[in-house]
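Q: Handing you this structure, nothing more for now.
2 protein chains.
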Amino acid sequence: MATERLVVVGGDAAGMSAASQARRLQGPQELEIVAFERGRFTSYSACGIPYWVGGLVAERDDLIARTPEEHRARDIDLRTRTEVVELDLPGSRVRARDLDGGSEYWTHYDKLVLATGARPVRPRLPGIGAHGIQTLDDGRRLVDALERTRGRRAVVVGAGYIGVEMAEALVLRGYEVTVLHRGEQPMATLDPDMGGLVHTAMNRMGIVTVAGAEVTEILADEEGRARAVTTSAGEEYPADVVVLGIGVEPRTALARAAGLPLGPSGGILTDLSMRVRGHENVWAGGDCVEVLDLVAGRTRHIPLGTHANKHGQVIGSGAGGGYATFPGVVGTAVSKVCDLEIARTGLRERDALEAGLRFVTATITSTNTAGYYPGATEMTVKMLAERRTGRLLGVQIVGGAGSAKRVDIAAVALTAGMTVEQVVSLDLGYAPPFSPVWDPVLVAARKAVSAVRAAGV
Amino acid sequence: MATERLVVVGGDAAGMSAASQARRLQGPQELEIVAFERGRFTSYSACGIPYWVGGLVAERDDLIARTPEEHRARDIDLRTRTEVVELDLPGSRVRARDLDGGSEYWTHYDKLVLATGARPVRPRLPGIGAHGIQTLDDGRRLVDALERTRGRRAVVVGAGYIGVEMAEALVLRGYEVTVLHRGEQPMATLDPDMGGLVHTAMNRMGIVTVAGAEVTEILADEEGRARAVTTSAGEEYPADVVVLGIGVEPRTALARAAGLPLGPSGGILTDLSMRVRGHENVWAGGDCVEVLDLVAGRTRHIPLGTHANKHGQVIGSGAGGGYATFPGVVGTAVSKVCDLEIARTGLRERDALEAGLRFVTATITSTNTAGYYPGATEMTVKMLAERRTGRLLGVQIVGGAGSAKRVDIAAVALTAGMTVEQVVSLDLGYAPPFSPVWDPVLVAARKAVSAVRAAGV
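Next up, the structure:
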């Protein structure tokens, strides 16, 4: 009956969005949809795990956007606990393994979607196999471990978004938290001067941060449970629980084995309609692909739920006989540590250098609301602009309430290719509870305009 | 010594920003700057008055960005309590009156800046002269009146930004508040469907709102104090204090008498460098001018402190021998009533009709944060897009924390002339404490894309 068969590998944000959107466009008479997922859940908000760990979100189920049953009710043949272990592109088929029963079978596709996600990096270190070393890969195991240990001391390795969010979550759970990170400052997704503000805030909330820390070993007790982390500086940090937050990498073993094109970060390379380059009937999206960075003019691996959902939407449109594209990203990311909001978009200094751009920077500190409004807190904005043209290149913001989403102003301006002079004239929302009369982003832009002028060509 | 003389009429945001910026570019040897201000204060944040009235801002002085003394210390010859009563453009001079001494004098200018602001509309009604009828024109008098009456019942006439903000301020002061407004819903700066959400929220916080109310008379007691407001429906609303918030109009009597060009709303018309059209050495800015609405393609009177400050900056650059322009506005405005945030940018339905545009609308309700994040509240976004082209025309937002400044996304997109399809692809900040994985603005844009497609040409 069905004229075509769509096979989706991976049942999370990108995969299930793609399946759902394709189903919206074509009914089961036109398109059969089979989706394979290794786990028991689908459409799971991994981004919510730190808040579940921190106790802000009560139930894991709250993080599930749509259950397997809901997908099945929409005529998607969803096979959970089933892993795709091989792609046969010339044969237009995939080999699937039932993880509970152990049986394997080949199944045919007309259209294939790869949404295999990313996996947390686990460095090869002595002792890394000890019990009590957690990643966000399995939130349940992490929460169980925290409930079991009820320890007082946690060591977080890594101070990116996940590391910082996990540090906050562990503080909320009553742990004494030490964050070990390699760089000069936490949040290496910011320039070090801005990361320094995060550093100060983390210390103020009682989190110990250790810069330039190279972890050398995990020490375990007689029962094989992690009890301390050592660094190349010879320090030993006692830990009842160790959380690794040193990033993720695209999960692309299947794609690599099948000879699909991979980028410099190991992510699958696609065209603007999220088709795998050179493969008309194969799409890929979510944390397993690289995306085009519109400001730097190169692809990057940026694992973020919001991109995964957009990819799924675009893929589902294409696979369902429609048309949509994902033009790329500008590198927007937001986060928080307690009351401190952290945001970036576009290029940091090192990105701009790497992209071959000459630039000026401008950093200002203002307030999130009118200065006289009760509860006004500081907001620091750093802006990068291209020297000759004055084109906006990037913005970083650290501050109180309202700081994070303010970066959206710059994200849109970057997408539109605006100069900092154009940014100064933007008609942004002003009222005393929401902004000083000159929004902090505009104040930064004014300073950037002066810097561009002073720099000449 | 000084080669040129700059005279500034009006010592508030636009005027004093202009004076300050000109002084930054040219020292007193090059440019003498004389500024006339009727009141005792300068650079006063009128936008902050509702928060002072509501008790959120303790002291009036908190609302003063820069005192007369500070301006004088920067070599600006500031003459407070001095009103300019006549412009002699052919003679390049203005006539000033010392409001305390009563003396008058002519003074010469090479360059003239008009920043005479706006004044609250006071309708011609029986009883309008009664004591206890307040506007925001004199915040001190209003606060004194409230402290004197310590009444229980307040009537606010008008439900625009000022009316709504004043209603909240009076609630905070313990008044029973009734808001009388002409339109179908409060906040006529929004379409009625969105204004209805504000209506509901105001009622929920105990504010009585009366739609379609035409005030006919202010009734006074024997001592001439307002005691009630009557409407054409024959209703009588008892009041210990009456606050008028029915808008402001450009204060342009001087400009009109001097024959300067005025627009349809009575505001002075300028070119893009804020020079008065046809007058090379006369600038005007702030609440006394009309600004170009970039979306509607016409001038409007939009009195807002943020525009006034930008105008001042541009004027000061020009008058100080530099160069800057104010390209126009897209009509962004934000406000709040208690926890409800209200925002708009671009065109409402009636604006689009008036501009001759064919459009579709899309309205969605989502949440300000990830749905599972604690404290998630509703956010409703309405979007207008041009039918044939899909160009974004306007956005209105009503909802919980984070709703108001989200309108900036649309403000930048409008400035860039983006289509709603381009908006869908924007790389906006996502993390569970700040946004669902699809930002509400993107959800609205997705629906608008569908509406544009469904509408065809």
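Quick mapping for you: the protein sequence lines, in order, are chains S and Y. 227 is the number that numbering that gives the first Met the number 0 gives to position 228 of the first sequence; each next residue is one higher, with no gaps. 40 is the number that numbering that gives the first Met the number 0 gives to position 41 of the second sequence; each next residue is one higher, with no gaps. Ideal Cβ positions, reconstructed from N, Cα and C, are used throughout, including at glycine. Bear in mind the structure is a predicted one, so any value in this text is a computation, not a measurement.
In whole angstroms, what separates the C-alpha of residue 58 of chain Y from that of residue 197 of chain Y?
A: Straight-line Cα distance between these residues: approximately 29 Å.
Q: In angstroms with no decimal places, state the Cα-to-Cα distance between residue 334 of chain S and residue 40 of chain Y.
A: If I take the Cα positions, the gap works out to 42 Å.
Q: Under 8 Å between the Cβ atoms of residue 337 of chain S and residue 167 of chain S?
A: The answer is yes: Cβ separation under 8 Å.
Q: Would DSSP call residue 196 of chain S helix, strand or coil?
A: Helix at residue 196 of chain S.
Q: Return no unless some Cβ of chain S is closer than 8 Å to the Cβ of residue 291 of chain Y.
A: With 8 Å as the cut-off, residue 291 of chain Y does not count as an interface residue toward chain S.
Q: Are residue 84 of chain S and residue 96 of chain S close, meaning C-beta to C-beta below 8 Å?
A: A contact, by the Cβ cut-off of 8 Å.
Q: Return the CA-CA distance between residue 204 of chain S and residue 435 of chain S, expressed in angstroms with no decimal places.
A: Spanning the two alpha carbons is a distance of roughly 27 Å.
Q: Determine the burial state of residue 494 of chain Y: buried for a count of at least 16 other Cβ atoms within 10 Å of its Cβ, exposed for fewer.
A: Residue numbering for chain Y in the displayed model covers 0 to 456; residue 494 of chain Y lies beyond these limits and cannot be assessed.
Q: Could you name the residues of the same chain whose beta carbon sits closer than 7 Å to that of residue 327 of chain S, not counting the 5 residues immediately before and after it, in chain order?
A: So the qualifying residues of the chain are 290, 291, 292, 293.
Q: Can you tell me where the alpha helix (DSSP H) holding residue 420 of chain Y begins and where it ends?
A: Segment 419-423, the alpha helix (DSSP H) holding residue 420 of chain Y.
Q: For residue 221 of chain Y, is the classification buried or exposed, using 16 other Cβ atoms within 10 angstroms of its Cβ as the cut-off for buried?
A: Exposed, because fewer than 16 other Cβ atoms sit within 10 Å of the Cβ of residue 221 of chain Y.
Q: Can you list, in chain order, the stretches of the beta strand (DSSP E) that have 3 or more residues and sit fully within the segment 107-180 of chain S?
A: Fully enclosed beta strand (DSSP E) runs of 3 or longer: 110-113, 117-119, 152-156, 175-179.
Q: For the 8 Å Cβ check, are there 3 or more pairs between the segment 278-288 of chain S and the segment 143-156 of chain S?
A: The segment 278-288 of chain S vs the segment 143-156 of chain S: no contact.
Q: Pop quiz: residue 47 of chain Y and residue 431 of chain S are said to be a contact at Cβ under 8 Å. What is the actual Cβ separation, rounded to whole angstroms?
A: Indeed, because the Cβ distance is near 5 Å, the residues count as touching under 8 Å.
Q: Which value, in whole angstroms, describes the spacing of the CA atoms of residue 390 of chain S and residue 360 of chain S?
A: Their Cα atoms are separated by approximately 12 Å.
Q: Could you work out which residue in Y:100, Y:159, Y:437 is closest to residue 311 of chain S when comparing CA atoms only?
A: Checking every option, the nearest Cα to that of residue 311 of chain S belongs to Y:437.
Q: If you follow the alpha helix (DSSP H) that residue 14 of chain S is in, where does it begin and where does it stop?
A: Residue 14 of chain S -> alpha helix (DSSP H) spans 12-24.
Q: Helix, strand or coil for residue 249 of chain Y per DSSP?
A: Note: residue 249 of chain Y maps to strand in three-state DSSP.
Q: What is the rounded straight-line gap between the Cα of residue 54 of chain S and the Cα of residue 43 of chain S?
A: Their Cα atoms are separated by approximately 17 Å.
Q: Can you tell me which of Y:174, Y:206, Y:210, Y:175 puts its alpha carbon nearest to the alpha carbon of residue 185 of chain Y?
A: With distances taken between Cα atoms, residue 185 of chain Y lies closest to Y:210.
Q: Measure the Cβ-Cβ separation of residue 219 of chain Y and residue 225 of chain Y and say whether it is below 8 Å.
A: Cβ atoms of residue 219 of chain Y and residue 225 of chain Y: closer than 8 Å.
Q: Per the contact definition of three or more C-beta pairs closer than 8 Å, is the segment 14-32 of chain S in contact with the segment 314-330 of chain S?
A: Counting Cβ pairs under 8 Å, three or more are found: they touch.
Q: Taking the straight line between their C-alpha atoms, what separation do you get for residue 5 of chain S and residue 387 of chain Y?
A: One C-alpha to the other measures close to 33 Å.
Q: Can you find the residues in the same chain that come closer than 7 Å, C-beta to C-beta, to residue 457 of chain Y, ignoring five residues on each side of it along the sequence?
A: Because chain Y is modelled from 0 through 456, residue 457 of chain Y falls outside the range shown and cannot be assessed.
Q: Considering Cα atoms alone, identify which of S:417, S:405, S:357 is closest to residue 454 of chain S.
A: Of the candidates S:417, S:405, S:357, the one whose C-alpha sits nearest the C-alpha of residue 454 of chain S is S:357.
Q: Quick one, which residues of the segment 260-294 of chain S are near chain Y if we go by CB-CB under 7 Å, in chain order?
A: Listed by position along the chain: nothing, the set is empty.
Q: How is residue 67 of chain Y classed by DSSP in three states: helix, strand or coil?
A: In this structure, residue 67 of chain Y counts as helix in the three-state DSSP scheme.
Q: Output needed for residue 230 of chain S: all residues of its chain with C-beta closer than 8 Å, excluding positions within five of it in sequence on either side, in chain order.
A: Closer than 8 Å at Cβ, skipping near neighbours: 179, 209, 212, 213, 214, 215, 236.
Q: Name the two residues that bound the continuous alpha helix (DSSP H) containing residue 414 of chain Y.
A: First-last of the alpha helix (DSSP H) with residue 414 of chain Y: 406-414.
Q: Assuming residue 98 of chain Y contacts residue 78 of chain Y (C-beta within less than 8 Å), just tell me the rounded distance between them.
A: Between residue 78 of chain Y and residue 98 of chain Y the Cβ distance is about 10 Å, and since that is not below 8 Å, they are no contact.
Q: Tell me residue 40 of chain S's beta-bridge partners as DSSP assigns them.
A: For residue 40 of chain S, which the question treats as bridged, DSSP gives no partner whatsoever.
Q: So with Cβ pairs under 8 Å, would you call residue 47 of chain Y a contact of chain S?
A: Interface residue, yes.
Q: Along the alpha helix (DSSP H) that carries residue 96 of chain Y, what are the first and last residues, could you check?
A: Per DSSP, residue 96 of chain Y belongs to no alpha helix (DSSP H); it is in the beta strand (DSSP E), 92-97.
Q: Against residue 417 of chain S, what residues of chain Y qualify as contacts under a CB-to-CB distance less than 9 Å, listed in chain order?
A: Chain Y residues near residue 417 of chain S: 411, 414, 415.
Q: Within the 8 Å Cβ cut-off, does residue 358 of chain Y reach chain S?
A: No, its Cβ sits nowhere closer than 8 Å to a Cβ of chain S.
Q: Skipping 5 residues on each side, what residues in its chain have a beta carbon closer than 7 Å to that of residue 257 of chain Y?
A: The residues are 86, 88.
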